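Okay, so here's the structure we're looking at.
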Amino acid sequence: MYTTALTRLFEDEGLSVVQASPPIRDRFDDAFAVAPAGAAVSTTDDRQGVGIVGDTAAVAAALDAGRGVGTDALAWRDPTPRGAVYAGEVTETLGSGAVVELGGDAVGEDRSGSDGDSLPSVAGTDPEGFLPYSKTAAHVEAGDRLRVQVNEPAEPWGSGRPVLDTTVRVQAGLATLVRGSSPGGNGPELADLLPVDPPEGWGIDWDRAADDAGLDELGDALEAVTERATGLDAAFDDAPDPDDAAPHCYWPGEATVWLWFGRESRFGLDDRRRDVTGTMPGHHRTKAATNGASAAVDFVEAVCPGAGTGGETEFPFDAVTRQFGPMAGDSVRIDHGKPDGRMFSLGSGEVTRRDADGTVVVERQMSGRGTYDALGVDQQAGDVAVTKLTEGKWWYPTVYRGDDGEKRGTYVNICTPVEVFPSVVRYVDLHVDVVKHADGRVQRVDDDELDAAVAAGHVPEALAEKARSVAAAVENAL
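Just so you know, we're using full-length UniProt numbering here: the sequence shown kicks off at 1 and counts up by one.
Okay, here's the thing in structure tokens:
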């Protein structure tokens with residue numbers, strides 16, 4: 001869903017887009033080159049952002065461009081990058097596959113971010129992956145140690161694990177080499193003329209786009225994968241057996257980063273797309289909600305190709321939520337993102353009010369266990385949290401009340417602009433918050449956590465300054 005906007009963005013930044021799809025070629029009236037890609041950019045399954053995979057320089061260039069679309073675009077380096085090879089240990093077997101402990105962060109390749117600053121890795125425990133039983137010829141049980149490769153990395157804010165495979169591959173744009181398969185195989189007619197052969201013990205699998213590539217491009221692709229396959233073979237020479245090494249990283253794989261787009265960034269992408277074709281206000285914001293909403297946007301813009309060109313800029317929150325939700329009586333989940341890449345659910349509640357201006361009020365029953373953060377008040381059975389969330393605001397308040405209606409305190413969360421989707425509300429918490437105690441005292445908290453996030457590289461300084469400014473305004477208003 002971000003392809004048109006990112007194609008325009010990359011071209012504006014002087015980057016060359018290759019292997020473009022037919023709709024993109026038509027939309028830009030450009031043939032685009034069919035050549036090996038230095039980096040591949042793909043939308044995440046949940047439509048909240050993109051993954052960027054490839055060689056270090058190309059990934060850094062694409063990431064620099066992508067982070068510039070809005071203040072709330074956040075990025076992280078994946079500790080289990082695509083192509084990384086591990087000695088892993090099976091820790092659990094499930095119905096369709098096994099959970100494999102992979103050990104520490106993959107090392108050995110410079111994966112710098114913009115201006116040479118190291119992009120922070122996703123926070124969390126030691127990484128693990130999921131090995132489908134269909135991806136291994138041997139029966140596996142807990143305690144088994146085996147060599148695995150990351151085939152499909154997983155976005156950090158989701159709940160999935162990276163998908164593993166016991167077959168080792170190296171990829172480079174138009175060609176993939178598969179370790180342990182026979183040489184040859186189907187490919188473009190020109191492939192037989194190439195002066196480079198795959199290394200011994202590797203078979204070649206040509207990408208579909210290779211049929212449209214020239215001899216030079218095919219040669220460059222095969223040379224690139226051959227060089228990497230040779231390096232991987234060397235890494236395996238004298239390497240310890242998985243039984244002796246697990247958990248251990250044999251090969252660091254490709255540079256792999258994740259770029260999360262917040263609401264402001266989605267509207268920045270709208271502007272880029274509008275330079276190319278008719279784009280309704282809130283195009284990417286609406287498409288990010290559900291598959292149905294995405295299809296509706298495509299329909300509107302097909303029927304009204306001039307959408308968004310008449311000067312209208314307001315996101316049609318009322319129309320979108322009336323069609324797709326949430327409405328009063330619906331249940332929504334509050335997803336609380338963290339600047340280190342993780343996301344937690346604060347639980348679900350009932351929408352008790354929805355206003356056309358973009359506000360929803362969500363009521364949650366509290367568990368009666370624990371303490372309200374920063375308020376210093378113990379939860380009690382029957383407590384209710386009433387949260388007022390307004391689309392696009394950099395903050396939202398939650399009022400905690402006892403079963404007798406007495407206010408127990410107010411917590412104002414400072415965050416990236418709120419997005420109210422049909423079944424979930426999303427944002428990224430920016431650490432600093434403001435609380436108002438039951439006795440009326442107002443207190444600003446967690447500035448030190450924001451400072452630490454900036455120092456760790458999780459929050460860009462411009463975003464941190466915005467958070468501090470919003471916190472100061474909320475503190476004064478309370």
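The beta carbon of each residue, even a glycine, is placed where N, CA and C say it ideally should be. This one's a predicted model, so the numbers in the text were calculated from it and none came from an experiment.
CB of residue i within 8 Å of CB of residue j, strictly
i: Val50; j: Thr43; result: yes
i: Gly392; j: Arg263; result: yes
i: Glu63; j: Val257; result: First, the residue type needs correcting, since residue 63 is Leu and not Glu in the sequence shown. Yes. Within cutoff.
i: Thr226; j: Pro199; result: yes
i: Thr390; j: Val418; result: yes
i: Leu174; j: Val148; result: no
i: Ala172; j: Ala224; result: yes
i: Arg364; j: Gly341; result: no
i: Glu301; j: Gly83; result: no
i: Leu146; j: Pro242; result: yes
i: Gly325; j: Ser423; result: yes
i: Pro240; j: Glu89; result: no
i: Thr93; j: Val140; result: yes
i: Ala87; j: Ala245; result: yes
i: Thr166; j: Asp205; result: no
i: Ala289; j: Phe421; result: yes
Whole-angstrom distance between residue j and residue i, CA atom to CA atom
i: Ser182; j: Glu350; result: 58 Å
i: Pro156; j: Val384; result: 31 Å
i: Val445; j: Val377; result: 15 Å
i: Asp373; j: Thr410; result: 10 Å
i: Ala40; j: Arg169; result: 16 Å
i: Thr91; j: Val34; result: 43 Å
i: Glu11; j: Leu193; result: 33 Å
i: Thr286; j: Met1; result: 11 Å
i: Gly129; j: Val459; result: 27 Å
i: Ala477; j: Val85; result: 54 Å
i: Asp330; j: Gln323; result: 13 Å
i: Ser21; j: Ala31; result: 10 Å
i: Thr359; j: Ser345; result: 20 Å
i: Arg408; j: Tyr396; result: 17 Å
i: Val442; j: Thr71; result: 28 Å
i: Asp46; j: Arg27; result: 25 Å
i: Asp238; j: Thr321; result: 60 Å
i: Ala356; j: Val362; result: 15 Å
i: Trp202; j: Asp275; result: 45 Å
i: Glu217; j: Pro36; result: 7 Å
i: Ser159; j: Leu215; result: 43 Å
i: Gly440; j: Gly405; result: 17 Å
i: Leu15; j: Ile24; result: 16 Å
i: His437; j: Gly95; result: 49 Å
i: Met366; j: Lys466; result: 31 Å
Residues near residue i by beta carbon distance below 6 Å, same chain, minus five either side
i: Leu9; result: Ala65, Arg272
i: Gly457; result: Pro120
i: Arg179; result: Val168, Trp202
i: Ser294; result: Lys287
i: Thr416; result: Asp72, Gly262, Tyr427, Val428
i: Asp144; result: Val90
Cβ neighbours of residue i in the same chain (closer than 7 Å, five flanking residues each side left out)
i: Phe236; result: Tyr250
i: Asp110; result: Unreliable placement is indicated for Asp110, whose pLDDT of 38 sits below 50; no coordinate value is reported for it.
i: Ala381; result: Gly368
i: Pro316; result: Pro281, Gly282
i: Gly306; result: Gly278
i: Thr80; result: Leu102, Ala106, Pro127, Gly129, Val150, Pro153, Pro162
i: Gly97; result: Phe130, Leu131, Pro132, Tyr133
i: Arg228; result: Val170, Ala172
Sequence-distant residues of its chain with Cβ nearer than 8 Å to residue i (five each side left out)
i: Asp433; result: Ala374, Tyr411, Val412, Asn413, Ile414, Arg444, Val445, Asp446, Ala471
i: Arg468; result: Val432, Asp447, Leu450
i: His284; result: Met1, Tyr2, Ala5, Phe261, Arg266, Phe267, Leu269, Asp270, Arg273
i: Gly219; result: Leu194, Pro195, Val196
i: Thr230; result: Pro199
Beta-carbon separation (whole angstroms), residue i vs residue j, contact threshold 8 Å
i: Val454; j: Ala464; result: 5 Å
i: Val399; j: Val332; result: About 17 Å separates the two Cβ atoms, so there is no contact after all.
i: Pro339; j: Thr313; result: With a Cβ gap of about 29 Å, Pro339 and Thr313 do not count as contacting.
i: Gln48; j: Trp394; result: Not confirmed; about 18 Å, so no contact.
i: Asp78; j: Val18; result: Contact doesn't hold; Cβ gap of about 23 Å is too wide.
i: Leu164; j: Val100; result: 6 Å
i: Arg67; j: Ala61; result: Arg67 to Ala61, Cβ: 11 Å. No contact.
i: Arg354; j: Met327; result: 6 Å
i: Val337; j: Tyr427; result: For the record, residue 337 in the displayed sequence is Gly; it is not Val. That pair is a contact at about 6 Å.
Original post:
Hey, which unbroken runs of the beta strand (DSSP E) at 3 residues or more fall wholly within the UniProt domain "DUF402" (340-477)?
Top reply: Listed in chain order, they are 343-354, 359-365, 384-390, 395-401, 407-415, 424-436, 442-445.
Original post:
Which whole runs of the beta strand (DSSP E) in the stretch 132-186 are 3 residues long or more, in chain order?
Top reply: If we require 3 residues or more, the beta strand (DSSP E) runs fully inside the stretch 132-186 come out as 145-152, 163-165, 169-172, 175-179.
Subject >> Length-filtered (3 minimum) beta strand (DSSP E) runs lying within the stretch 206-262 >> reply: As far as the stretch 206-262 is concerned, its whole beta strand (DSSP E) runs of at least 3 residues are 248-251, 255-260.
Subject >> Secondary structure, beta strand (DSSP E): runs of 3+ residues fully inside the stretch 255-325 >> reply: The DSSP assignment places complete beta strand (DSSP E) segments of no fewer than 3 residues inside the stretch 255-325 at 255-260, in order along the chain.
Subject >> Every unbroken alpha helix (DSSP H) within the stretch 20-92, with a cutoff of 4 residues, ordered by chain >> reply: Secondary structure within the stretch 20-92: the alpha helix (DSSP H) runs of 4 or more consecutive residues, fully enclosed, are 22-28, 56-67 (chain order).
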